[in-house]
Every structure is written in C-alpha cells, then in structure tokens.
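Chains B and V, in that order, give the protein sequences. So the first sequence is numbered by the working numbering: it starts at 267 and just counts up by one. So the second sequence is numbered by the working numbering: it starts at 8 and just counts up by one. Using N, Cα and C, we set each Cβ at its ideal position, and we do this for glycine too.
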Amino acid sequence: MGSVYRARDLHFPNVVKLVAVKEMINQAPDPLVRQTIVQNFEREANILVALAHPSIPKIFDYFTHDDRSYLVLEHVNGKDLEAVLNESQGFMPEEQVISWAVELCDVLEYLHGHKPEPIIFRDMKPSNVMVNVQNHIVLVDFGIAKIFKSGQKGTMIGTEGYSPPEQYRGDATPLADIYALGATLHHILSRKDPRLEAPFTFSERPIRQSNPAVSPDFETVINTALQYNPQDRFQSAAAMKEALLAVAKKTGALSKMSIQSAPMVSEQTIKPLWTFKCEDEIRGSAVYDNGIIYLGAYDNNLYAINATDGSFIWKYPTGGGIVSRPTIFDGVVYFGSEDSKLYALNSRTGKLIWDFGTGGPIRCSPRVAEGHIFVGSDDGYLHVINISTYQRAWQVDAGSIIRSSPFITNNLVYFGCDSGEVFCVDFRGQIKWRFKAKRAVTSSPLVDQGVVYFASLDSTFCAVDARSGWAIWRFRMGKGSVSSPCKADNLAFIGSADGNIYCIEVGNAKEIWRFRTEHQVSGSPIIYKDSVYCGSADGNLYCLEYRTGRLRWKFDTGGAITATPTIYNNIVYIGSVDHILYALIA
Amino acid sequence: MIKHFRRLFEKKKPVSMGVETAPLSPEQLQTVTVVCTECKPPQLLVGSAQSVGKQRDQNEDTLLALNAVISDGDTGLPFGIFIVADGMGGHQHGEIASGVAARSMAEYLIKKLYGPLYGANSEPQNDSLHEIMEKAVHEAQQIVTRKAPGGGTTLTAAIVIGEQVTLAHVGDTRAYFIYPDGRIQIMTQDHSLVRRLVELGQLTEEEAAVHPQRNVLYRAVGQVEPFQPDINTYLLPHPGYMMLCSDGLWGVVTQAEIFKIITSQPNPVLACHELIEAANNAGGPDNISALLVQYIN
Numbered sequence: 267m268g269s270v271y272r273a274r275d276l277h278f279p280n281v282v283k284l285v286a287v288k289e290m291i292n293q294a295p296d297p298l299v300r301q302t303i304v305q306n307f308e309r310e311a312n313i314l315v316a317l318a319h320p321s322i323p324k325i326f327d328y329f330t331h332d333d334r335s336y337l338v339l340e341h342v343n344g345k346d347l348e349a350v351l352n353e354s355q356g357f358m359p360e361e362q363v364i365s366w367a368v369e370l371c372d373v374l375e376y377l378h379g380h381k382p383e384p385i386i387f388r389d390m391k392p393s394n395v396m397v398n399v400q401n402h403i404v405l406v407d408f409g410i411a412k413i414f415k416s417g418q419k420g421t422m423i424g425t426e427g428y429s430p431p432e433q434y435r436g437d438a439t440p441l442a443d444i445y446a447l448g449a450t451l452h453h454i455l456s457r458k459d460p461r462l463e464a465p466f467t468f469s470e471r472p473i474r475q476s477n478p479a480v481s482p483d484f485e486t487v488i489n490t491a492l493q494y495n496p497q498d499r500f501q502s503a504a505a506m507k508e509a510l511l512a513v514a515k516k517t518g519a520l521s522k523m524s525i526q527s528a529p530m531v532s533e534q535t536i537k538p539l540w541t542f543k544c545e546d547e548i549r550g551s552a553v554y555d556n557g558i559i560y561l562g563a564y565d566n567n568l569y570a571i572n573a574t575d576g577s578f579i580w581k582y583p584t585g586g587g588i589v590s591r592p593t594i595f596d597g598v599v600y601f602g603s604e605d606s607k608l609y610a611l612n613s614r615t616g617k618l619i620w621d622f623g624t625g626g627p628i629r630c631s632p633r634v635a636e637g638h639i640f641v642g643s644d645d646g647y648l649h650v651i652n653i654s655t656y657q658r659a660w661q662v663d664a665g666s667i668i669r670s671s672p673f674i675t676n677n678l679v680y681f682g683c684d685s686g687e688v689f690c691v692d693f694r695g696q697i698k699w700r701f702k703a704k705r706a707v708t709s710s711p712l713v714d715q716g717v718v719y720f721a722s723l724d725s726t727f728c729a730v731d732a733r734s735g736w737a738i739w740r741f742r743m744g745k746g747s748v749s750s751p752c753k754a755d756n757l758a759f760i761g762s763a764d765g766n767i768y769c770i771e772v773g774n775a776k777e778i779w780r781f782r783t784e785h786q787v788s789g790s791p792i793i794y795k796d797s798v799y800c801g802s803a804d805g806n807l808y809c810l811e812y813r814t815g816r817l818r819w820k821f822d823t824g825g826a827i828t829a830t831p832t833i834y835n836n837i838v839y840i841g842s843v844d845h846i847l848y849a850l851i852a
Numbered sequence: 008m009i010k011h012f013r014r015l016f017e018k019k020k021p022v023s024m025g026v027e028t029a030p031l032s033p034e035q036l037q038t039v040t041v042v043c044t045e046c047k048p049p050q051l052l053v054g055s056a057q058s059v060g061k062q063r064d065q066n067e068d069t070l071l072a073l074n075a076v077i078s079d080g081d082t083g084l085p086f087g088i089f090i091v092a093d094g095m096g097g098h099q100h101g102e103i104a105s106g107v108a109a110r111s112m113a114e115y116l117i118k119k120l121y122g123p124l125y126g127a128n129s130e131p132q133n134d135s136l137h138e139i140m141e142k143a144v145h146e147a148q149q150i151v152t153r154k155a156p157g158g159g160t161t162l163t164a165a166i167v168i169g170e171q172v173t174l175a176h177v178g179d180t181r182a183y184f185i186y187p188d189g190r191i192q193i194m195t196q197d198h199s200l201v202r203r204l205v206e207l208g209q210l211t212e213e214e215a216a217v218h219p220q221r222n223v224l225y226r227a228v229g230q231v232e233p234f235q236p237d238i239n240t241y242l243l244p245h246p247g248y249m250m251l252c253s254d255g256l257w258g259v260v261t262q263a264e265i266f267k268i269i270t271s272q273p274n275p276v277l278a279c280h281e282l283i284e285a286a287n288n289a290g291g292p293d294n295i296s297a298l299l300v301q302y303i304n
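Quick look at the structure:
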C-alpha cells in the first residue's frame, strides 16, 4: 500500500535532522473516489497536526503528488514492538510491559478526550507501537493509511487479529481501542500472535498458561480489556490505567509470593496402602493378574506379591537384573533378565517351566500373540518363540540392541532399536517397512487407528503411518525420550528427559499442555479414569488431570522412578529405585 | 441431464468389458462397492463435479484429484491427492489464484510424496507429512502472491496414504466425513470472520446472512499477514466417504440432503453430479465444486 522513508530535512543543512516520510499510493480507479481519498487524507492530516503528546509523533508537513500522498513526520529512533518481540527470545518482564501499557493508556486517554470529536486510533497492534531509545512509547500509523485501501467486493481477505468484534459492525469507539490494547498486551506477554489464531479467542489462550510468570492481577486487567461485550470492558483508558497502576503497586509487594498454585491434595496426606521392599533397585514395571503383582528387581529376583496386602508369595532368582515388565498368559509368567534369558514360570508356584537363551541381556518386555512370545534382546534380534514347543519360530535381525517392547496388531509387529530404526514386520518375519529416527528408539511403540506413536533419543515424539511407515508428524521436545506413549481420546501422553510430561493432540501434533517435573521422565505415563499417572526421576509419582495437566496429587518415593505405574481396581502399584514397591489409592 | 449422464456411462459398457481403464459403468462400480466384502488391493473410488453456478459468469473454483494404487503382493497402498480451492477477488485474479494454488500444491506433493512412495528408489524421508503439507501450502502462497497479486484463494487439500488422510486447510472450503450410519462431520474449521462472530453470539444467523463482511475470511492463501494452515491427520472413514467442496455447495445444500444424495447414488461420480444439481436447483449463487472419495477394502 505504501512505504515509509527515512529522510533528511535539507532546510537545516548544518545539522542532521531526520524525518519520516510516509508514502501512500492512491489506487482507486474512479477519479471521484480518488479525489475523496485525497480530501480525507488532508482532513486527517489537519487533525493530527494539532495533536501534542509525547507518545504521538509530530507532523511537519503533508502533500500530494500525482497518485501519491505524503506525510512528513517526526522520525522516531527506536523499534516497533513487533520487531522487539521477534528479536527477543524469552518473555518480556512484567514490570516492563506494565510501564508500556500505562503509557499506552495515557496516550489513548489523550486521543479519546480530543474535542469536539474523540480520536479513535483503530489500529492498536505491536507493529504500530514504537519504543524509542529512551524506552518510551510512540504510537505510529494513525489509521490514515486506511483511507487508501480500496473497497473490494466478494470474498475478501482480512486478518485483523487485534480488533474487537464490534469493529466489524463498523462501530469504532474508544472501547474498541481498549480491546485492541488488551490484544496487543496479550500478544506481547504470551508471545502468541493473534493473527495466527482464530479471531476473538484470547480467552481460550490464557496468558498465564503460556507465561506463568505473569501475575494473575495483570492477567485479570488484560482479560477485562478483552471482553467481547464493550460494556464489560474498562469504560475508559483512564480506568484501565488506574487498574494497571494498582497491579504495579501490588505485584511490587507480592512478587515473591506469586508462585504456582498449590496441589489440590498435599503429598503428606497420601499414605501407601502397603509397601514391599526388594533387595535392590526397582526399575521395571509390575503386572497384575488374579490378585497377584508380579515384579522384577535389580536384585535378580522376580517377585510374586499379594496385591491386597503386599505379602510375599514367592520369588524366582535369575542370573541378572530384571528391568522389564513381565507378561502373564494362560497361567504362565514370561519375563526376560539381564542374564540374557527369557523365563517361563508357573504363575501360581513360581516354578520354572522353560527358559530360552538369547545372545545378550533382555531389557525388552515380552509380548504374547498367536501362540508365540515376541521379545527383543541386546543381541540385536527380535526372537519369536513358540509357546508350546519352546522353540524359536523365527527371528528378525534388527542390527542393533532392541529394548523397545514390540506392539502387535493386525498380524504385524512394531518395535524400535538403538540404531534409531523402527521396524514393522509381518508374522513371517518379513520387514514391511522401516523408519529411521536420528537416534535410538528405546520407547515402545503404540499403534492406534493406523498410526504408530513412539519417542526417540533424538528429542522427537513421532507419529508414523502404520501401513507405509511414513512420518505423519514430529513433535519436538527439549531432550530425548525413552518413555513410551499412551493415548486417551484424541490425546497422546509422553515423558521426556527434559523433565516434562507432554500432552499432544494426535491429529495435528499441537501441544495441549506440559507438566514440568523436577528431573528426567524416563518412565511412561498411563491413563486411568480421567487422570494420567507418571513417575519422574525426581522421585515423585504424579497424578494429573489428563485434559488440563493440572496436578491432582503427587507422591514422593525415596528414589527415582523409571517404571510405568500399574493400576488395577483403583490401586496404583509403582516401584522405585529406593527398592520399594508402593501400593497407593488412585 | 442425469439420464444423459447415465447414457454416457452405459454407452461405454460394451467397450469397457475386459478393458481395465476407467470409467467403469455404474453397474460395474456397484459390484465393486457393494458386493465385494474384501477388495484387494484397497483402493479409492473418486468422483468430482464442478459448475459455474447460475448467477456468476466466471468460474473461480479449482478442483484437482489424483488417485493411485500400488500392490506388489507385499503392500497394498492406495494414494491420493485431492484439492478444492475457491479463488476470490474477482477483478484481482481470483480464478488464477485458485488454479495456481492447487496446481503448485499438487506438484509439490507429487515430488515429495508420490515419487518417494511409489518410486523404485524409495528414499529415506526427512520431512514428516505435516511438514510436507505445510511447505506445500507455503509454495501455493508464494505462487499466488507472485502470479495473482491482490488475489487470494481458499485451499482444502487432502493426502490419502493407506487408511490415513492428512488435511491441510485455509479458508472456507470444507472437508466432510460421511459415515453410512448417518453421521456427517465437518473436518475443517471455516476461517470466516462472520462465522466466528456468530459463534460468539455477536451476530445472529439472520444478521450473518446479510452482513456486508459475510465473505471475509480471516485466513486465505495469498494474504499478506503470516499464517499457519490447519493440518490434521485422521483415519479415513471406511466404510464411508470423504467429501471436499466449496461454499457454493455447503452454503445452499443442507447436510441432510448432502447425506441423502451421497448414500443413495451408486457411485461417487454420480453422487457429485447430483450434489451440483442440487446446488444449482437451490439457486446456484456461487461456483460449485465437489470431490468425493470412497475408500474400498
């Protein structure tokens, strides 16, 4: 539509006086319309030239030449807020934004108080707000350029982002400027560009959700400015300024206290139903079957524990640590050990039925399907063993360590390995496709509705088409992950070494929420009723509302949690590196 | 008209017996769609239809469909690119905008997806489907800005690989999922200002219908401000249909009627034809485009 030039005023040859020259091009084809546009321009210039406020650039001159009109303005040495936002990394400090907001209210108060008619700025947005080198606000681009926009017919494009609903009915009032100021502040604080979102959705994107450092009081002021109904907003810029000053006073005093809201139940009130102590760390997950919890530990034993009271039933010693989750099928408990063997025990007595040796430690959890056991080993093979003959039926050479547990569905097997490859093989051991992540995939894939979900140490959480192996999306996390995803409704959940538990919408890979723990999340989340349960290396088991990520409760064990919780009949079973298995009420 | 259409199809019948190329006669298609309990390889049945409407002189809609299947004993993988675009800004190259947007998008997707997926050297892929879709929309954006300055277009594009469909969407063309049990779901969100105002209760439906800015989109390919297309992946309904269409259809034909037409016609081609007829019978105020995809397995 036009350009702004930085120019030098040659009336003052001995000094450098810089001015800004705004050029507007008159594109209207009809001569009468062209004339009206020029007249409107000159009228507006005459209004603006009479204004005197430190936040409004002075107008020195205006003129029209051919199809172009020019406005000569005070040159503002500084940057507009959009540039400031783009060039900065983190969030702006609240004190800084409040001081700019107060100045903006002040200049709006001046404009709205103009006689005989109030002046409506109409176009408050970060790119129209300059911050000069003294860190003061200057408003630029007084809607004047709008005169030059020709009317279009039919379907049109128009992203406003900052304007209130009523402005689209043609109502431009002082209250519209207040809304747009609220929208501008929302953008600056949350770093979420409203032009990229559906219009009027500020209330769906609370500032404190993306930037918890903002005080609730400041957020309230902005929310008031952003009300849909003009009568619910501040009724004047002066009123908004008052509210902002009150916040500034209050947060100055209370800044130390504005921390995250407290959990709904404090951890002290949670008492385990029972505990069971092993002789070494528990890193693997438990399985529940018929009143019994089966659990392996670093003390080389597989334990059978009474799920009701935590009493010992039997244990079976292997030659190595057990870090995977046992599988129960038909009265037999199957599990692998770091002594390289897969064991099959009678689940009632704990007596060995058979075992099967692989070429390396087993850290993968076995799965049962179609009369076979599928288990990966550090020897780089996925072994498939016939349950009735105890013989290997076939194997797949993955070429590197397999710690990711296979997922079996529709006669296809999906698993990852340390080379970063994820395989899809059929029941003859034929590779249907392979997907390559940049680093190891220890995470166990989840296949749901034709999509495979897993994480990699390359910091991505991936969704891959189960049929073709084509990546559908990648979600980037702060660090790699060995956590295995779970899913509820259209949401997927996963932990990461960056300390977060993430909730991602599966259709579009949008982050719905993240919950920050104090250490790496190597364990996997699971869903039970309307909560997600997940342990962290910070020692806590977290129970979060799965739609919002709000903390329901947490329970501090004495050591890191790397296991996935097991929940049955409203009881959570979780082992910890402090050697203890805890049974808690979900 | 419809009789003429059927005749057209039936004439081909003796020719198409034993010949493997489309179009198949409605009877043949019916055997595929209804009688077959399992169809190998799984494939897509596609229909499309377009009309300038009854009140406009110029067609500014573009529709594009590419349907492929591969089956080598190991994999059976249908693949499709489907695009509907509705150009805007009549005196500012609306018809150019929708055309170049759809073509450049398809070109990009063929290069990035069709080649690697169906080619002899299926290379490792660096980009995810969502990244490819986003870049494809970006390509469309670049070319619209260059070839149709001041013009713009909506864009609803679908990539089908196997059972999954990934939709990229900008504007107010729509994608629907239609299930034989009676469900009909809009899978895209209109980027329409007035729609948004109605949702917020700021406008009534009556006010919206006559609002001077009822045709204003807050997001379109060709706009100056930066934007992000909506990109989503879904399981393609099967049994069922996916329909892409311009507002010339959904603005005048009710969902119930759309459902009735689609489920009562023997194949997607005739269904699309009937949909366009219905829109024209309702006044045909705008260009009408409809694209219907049925997944058969």
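1. To the nearest angstrom, report how far apart Gly-735 (chain B) and Asn-677 (chain B) are at their CA atoms.
2. Establish whether the CB of Ser-670 (chain B) and some CB of chain V are separated by less than 8 Å.
3. Which residue from B:Gly-616, B:Ile-325, B:Asp-333, B:Ile-558 puts its Cα closest to that of Tyr-295 (chain B)?
4. Confirm, please, whether the CB-CB distance from Leu-462 (chain B) to Gln-235 (chain V) is below 8 Å.
5. Tell me where the beta strand (DSSP E) around Ile-548 (chain B) begins and ends.
6. Comparing C-alpha positions only, which one of B:Asp-546, B:Lys-543, B:Pro-430, B:Ala-464 sits nearest to Asn-489 (chain B)?
7. Quick one: Cα of Gly-616 (chain B) to Cα of Ile-594 (chain B), how far?
8. Would you call Asn-239 (chain V) buried or exposed, if buried means 16 or more other Cβ atoms sit within 10 Å of its Cβ?
9. For a contact defined as C-beta to C-beta under 9 Å, what are the partners of Phe-466 (chain B) on chain V?
10. Between Ala-182 (chain V) and the rest of its own chain, which residues show a CB-CB distance below 8 Å, the 5 nearest in sequence each way excluded?
11. Contact defined as beta carbons within less than 8 Å: I believe Glu-375 (chain B) pairs with Lys-515 (chain B). What is the distance between those atoms, to the nearest angstrom?
12. For a cutoff of 8 Å on Cβ pairs, would you count Pro-431 (chain B) as touching chain V?
13. I'd like to check one pair, Ala-113 (chain V) with Leu-298 (chain V): are the Cβ atoms closer than 8 Å?
14. Val-730 (chain B) and Phe-701 (chain B) look like a contact to me (Cβ under 8 Å); what is the Cβ gap, rounded to whole Å?
15. Between the Cα of Val-679 (chain B) and the Cα atoms of B:Glu-636, B:Gly-587, B:Phe-578, which residue gives the shortest distance?
16. Using a cut-off of 8 Å between C-beta atoms, extract the partners of Ile-738 (chain B) located in chain V.
17. Go ahead and pull the three-state DSSP assignment for Lys-118 (chain V).
18. Among V:Leu-120, V:Lys-154, V:Ala-155, whose alpha-carbon lies nearest the alpha-carbon of Ile-138 (chain V)?
19. Are any of the Cβ atoms in chain B nearer than 8 Å to that of Thr-82 (chain V)?
20. For a contact defined as C-beta to C-beta under 7 Å, what are the partners of Tyr-248 (chain V) on chain B?
21. Does Ser-23 (chain V) come out as helix, strand or coil in the three-state DSSP assignment?
22. Flag this pair as touching only if the segment 103-110 of chain V and the segment 150-159 of chain V have three or more C-beta atom pairs under 8 Å; answer yes or no.
23. Is it buried or exposed for Asp-755 (chain B), if we count other Cβ within 10 angstroms and need 16 for buried?
24. Does Tyr-183 (chain V) come within less than 8 Å of chain B when only Cβ atoms are used?
25. Residues in the same chain with beta-carbon distance under 6 Å from Asp-237 (chain V), minus the five sequence neighbours each way, listed in chain order, please.
26. For Leu-136 (chain V), which residues in the same chain have their Cβ closer than 6 Å to its Cβ, ignoring the five residues on either side in sequence?
27. Go through the segment 618-666 of chain B residue by residue and report every complete run of the beta strand (DSSP E) that reaches 3 residues or more, in order.
28. As a quick exercise: from V:Leu-210, V:Phe-266, V:Gly-290, pick the residue whose alpha carbon is nearest that of Val-259 (chain V).
29. Give the C-beta separation of Gly-157 (chain V) and Met-95 (chain V) to the nearest angstrom, bearing in mind that I take them to be a contact with Cβ-Cβ under 8 Å.
30. Would you say Ser-734 (chain B) reaches chain V, if we count a Cβ-Cβ gap shorter than 8 Å as a contact?
31. Between which two residues does the alpha helix (DSSP H) holding Asn-489 (chain B) run?
32. Per DSSP, what are the beta-bridge partners of Thr-832 (chain B) in this structure?
33. Which residues, in order along the segment 642-658 of chain B, keep a beta-carbon less than 7 Å from a beta-carbon of chain V?
34. Applying the 10 Å Cβ sphere with the 16-neighbour rule, what's the burial state of Glu-206 (chain V)?
35. Going along chain V in order, which residues have a C-beta closer than 9 Å to the C-beta of Asn-774 (chain B)?
36. State the DSSP-derived secondary structure class of Phe-307 (chain B), mapped to helix, strand or coil.
Per the coordinate set shown:
1. 16 Å
2. no
3. Residue identity check: residue 295 (chain B) is Pro in the sequence provided, not Tyr. Closest by C-alpha distance to Pro-295 (chain B), out of B:Gly-616, B:Ile-325, B:Asp-333, B:Ile-558, is B:Asp-333.
4. yes
5. Element bounds for Ile-548 (chain B): n/a, residue is neither H nor E.
6. With distances taken between CA atoms, Asn-489 (chain B) lies nearest to B:Pro-430 out of B:Asp-546, B:Lys-543, B:Pro-430, B:Ala-464.
7. 12 Å
8. buried
9. Arg-203, Leu-204, Glu-206, Leu-207, Gln-209
10. Excluding sequence neighbours, Ala-182 (chain V) sits near Thr-163, Ala-165, Leu-174, His-176, Ile-193, Met-194, Thr-195, Met-249, Met-250, Leu-251.
11. That belief does not hold up - the Cβ atoms of Glu-375 (chain B) and Lys-515 (chain B) are roughly 19 Å apart, past 8 Å.
12. yes
13. no
14. 5 Å
15. B:Glu-636
16. Ser-135, Leu-136, His-137, Gln-171, Thr-173, Thr-240
17. In the three-state DSSP reduction, Lys-118 (chain V) falls in the helix class (H, G or I).
18. Here the sequence assigns Glu to residue 138 (chain V), which means Ile is not the residue at that position. If we check each option's Cα against that of Glu-138 (chain V), V:Leu-120 comes out closest.
19. When Cβ-Cβ separations below 8 Å define contact, Thr-82 (chain V) makes contact with chain B.
20. Within chain B, no residue comes near Tyr-248 (chain V); the closest Cβ sits about 18 Å away, beyond 7 Å.
21. For Ser-23 (chain V), the predicted structure reports a pLDDT of 42, less than 50, and the residue's modelled location is therefore unreliable. The matter cannot be settled from this model.
22. With the cut-off at 8 Å, the segment 103-110 of chain V and the segment 150-159 of chain V touch.
23. Exposed: under 16 other Cβ atoms inside 10 Å.
24. It does not; no Cβ of chain B falls within 8 Å.
25. Closer than 6 Å at the Cβ level, and outside the excluded window around Asp-237 (chain V), lie His-176.
26. Same-chain partners within the cutoff: Thr-173.
27. 618-623, 633-635, 638-642, 647-652, 658-663
28. V:Gly-290
29. Taking a contact as a CB-CB distance under 8 Å, the pair Gly-157 (chain V) and Met-95 (chain V) does not count as one, their CB atoms being some 10 Å apart.
30. Yes, its Cβ sits closer than 8 Å to a Cβ of chain V.
31. 482-491
32. The beta-bridge partner set that DSSP reports for Thr-832 (chain B) consists of B:Tyr-839.
33. Answer in chain order: no residues at all.
34. exposed
35. Going along chain V in sequence order, the residues near Asn-774 (chain B) (Cβ under 9 Å) are His-137, Asp-237, Ile-238, Asn-239, Thr-240.
36. helix
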